[in-house]
Amino acid sequence: MSLQQWLKSGSIKVKAPATPGLPDPSQCSTQPDVLVTQAAKDGIDTMKSATSLPTTPTRKRKRGDYNYYDDETRAKIARYSVENGVARAARKFSSDLSKKVSETSVRGGDIEVLSRSPRGNPVLLGNLDNEVQQWILNFRKNGGVINSRIVMAAA
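Numbering-wise (this note's numbering), the sequence shown opens with residue 101 and increments by one.
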């Protein structure tokens with residue numbers, strides 16, 4: 101078996117150059133020149149088509165839409181997350197609302213519906229504390245200067 105049976109024989113299909121300024125392979129005199137010119141033209145055409153800019157101007161990519169939940173839904177999510185955990189609340193409300201509820205949305209929500217536990221130390225004066233506060237406000241409205249000695253004297 102000879103290698104010549106595997107080689108293609110016949111005429112070479114020559115295309116006119118799409119890019120202006122390139123030599124036309126059909127005008128070459130020898131067969132190797134036609135092959136080299138056609139290969140160079142094809143390579144330039146593929147490079148040009150790969151690097152060509154799109155005809156429409158590229159726009160900046162738009163960010164995704166933000167999810168909006170009303171106060172009642174946020175309170176339900178928060179109450180469920182306090183009782184069952186953040187990850188479980190995110191999974192449950194993602195399926196219930198048919199949109200993705202991320203764990204950070206569950207974790208970062210402010211809950212005004214839920215009652216808050218008292219913070220800080222209890223007041224020393226008990227019921228008299230409100231009366232002392234009112235006396236200080238009235239004293240200040242009348243032009244008095246408030247400092248720690250006056251507050252202790254009022255108590």
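We put the beta carbon where it would ideally sit given N, CA and C, even for glycine.
Residue from the options whose Cα sits closest to the Cα of residue i
| i | options | result |
| --- | --- | --- |
| Gly164 | Arg249, Asn238, Lys200 and Val251 | Lys200 |
| Ile236 | Asn227, Ile250 and Gly226 | Ile250 |
| Ser198 | Arg159, Tyr168 and Leu224 | Tyr168 |
| Asp133 | Val114, Ser149, Thr119 and Thr146 | Val114 |
| Ser195 | Glu183, Ile177, Asn221 and Arg207 | Ile177 |
| Arg207 | Asn221, Arg191 and Ser217 | Arg191 |
| Thr146 | Arg159, Tyr180 and Thr119 | Thr119 |
| Val186 | Ser202, Gln233, Gly243 and Ala253 | Ser202 |
| Val223 | Val245, Ala255, Arg240 and Phe193 | Ala255 |
Enclosing alpha helix (DSSP H) for residue i [first to last residue]
| i | result |
| --- | --- |
| Thr173 | Asp171 to Asn184 |
| Gly121 | Per DSSP, Gly121 belongs to no alpha helix (DSSP H) and is neither H nor E. |
| Asn238 | Leu228 to Lys241 |
| Thr204 | Glu203 to Gly208 |
| Arg249 | Ser248 to Ala254 |
Hey, is the stretch 118-128 in contact with the stretch 138-148, meaning 3+ C-beta pairs nearer than 8 Å? Yes, they touch.
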